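All remarks here apply to the structure that follows.
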Amino acid sequence: MKILLTNDDGIHAPGLEVLEEIARAFSDDIWICAPDEEQSGMGHALTLTRPVRLRKHGERRFSVTGTPTDAVTMGLRQVMDGPPDVILSGVNRGANLADDITYSGTVSAAIEGALAGIRSIALSQVTNKEGAATDDTFEAARAWGEKVMGPLLDTPLPKRTLVNVNFPALPADRIRGIRAVRQGFHDYSRGTVVEGRDPRGFKYYWFGLQAIEHTLDHGTDLEAINEGFVSVTPLQLDLTHHASLGELGERYG
Ligand code: MN
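Converting from the sequence shown to the numbering used here requires adding 83 to each position, the first position being numbered 1.
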């Protein structure tokens, strides 16, 4: 089994090492192609206005001067000796739950894989306010990664779907299991914009990620993580809201 790994936190991200450990439990044919710098929050951006440079760091290990989507594109079209069976993106440092995924470079790298017709899985380690539940930020992902990955490698999944996995910010022995759940919803309307002044006296703005109010609807990824489970959410790329299609069609009829 040929596996391509990427990580939107960059080629040197600790979470990429964790992902490589998980992947090596299933295969020795591992390829890595990741952005050279952190690209969190870049979503599904594709670099079109400047060139992308490729750097080789070792056998089957490459970085690109671009986005997570660029990294997957380069991995598939330039770097690898043939298409992978699986693309794994992560393990991201920080949650990608509910509508976080619309900003997520981690999930978008998996979306790029799904668009290419390849089984693709995004993995994220939830962190708490202090950054970690234990000394090892990725303890939960390390301990539960192989267990969660097994079924994801051979369960039949339709084309243009991908899977989003989140590990709770808990010590491994306090995790209660794995739940397949739907995508929840965050209320981001209270996100903060922090104003400051740079050393030359000019204002700057920095988007804050403060605690988000949300209702933990039953059966969602938010609820599963809150209750101490690893969440597994299959996602589809068809964003059409089918229930509204008929009504809009009639208005234009
Ligand atoms: Mn990230």
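We put the CB at the ideal spot given by N, CA and C, even for glycine.
As the structure is a prediction and not an experimental result, all values here were calculated from the model.
Any chance the stretch 275-293 sits against the stretch 241-253, with 3 or more Cβ pairs inside 8 angstroms? no
What span of residues does the beta strand (DSSP E) with Gly291 cover, start to end? Lys286 to Gly291
Measuring alpha carbon to alpha carbon, tell me which residue in Ser327, Trp114 and Glu195 is nearest Lys242. Glu195
How far does the beta strand (DSSP E) with Val248 in it reach, from first residue to last? Thr244 to Phe250
Can you give me the start and stop residues for the alpha helix (DSSP H) that Gly260 sits inside? Not the alpha helix (DSSP H): Gly260 falls in the beta strand (DSSP E), residues Gly260 to Ala263.
Mind the definition here: the stretch 299-315 touches the stretch 254-265 only if three or more C-beta pairs lie below 8 angstroms; say whether that holds. yes
Could you check which residue in Val147, Arg133 and Glu103 has the C-alpha nearest to that of Cys116? Val147
Would you say Ser146 touches the ligand MN, meaning its beta carbon is less than 7 angstroms from a heavy atom? no
Given the structure, does Thr189 come close to the ligand MN, in the sense that its CB is under 7 angstroms from one of the ligand's heavy atoms? yes
What are the start and end residues of the beta strand (DSSP E) that includes Ala117? Asp112 to Pro118
Thr132 versus Gly149: straight-line alpha-carbon distance, rounded: 11 angstroms
Taking Met157 as the reference, which of Gly126, Leu137, Asn175 and Ile184 has the closest Cα? Leu137
Contacts around Thr210, its chain only, beta-carbon distance under 7 angstroms, and the 5 residues preceding and following it disregarded: Arg176, Gly177, Thr220 and Ala252
Check: Gly149 C-beta below 7 angstroms from any heavy atom of the ligand MN: no
Sequence ranges, alpha helix (DSSP H) only - wholly within the stretch 162-221, length at least 4: 188-198
Per-residue DSSP class, three states only, for Leu320: coil
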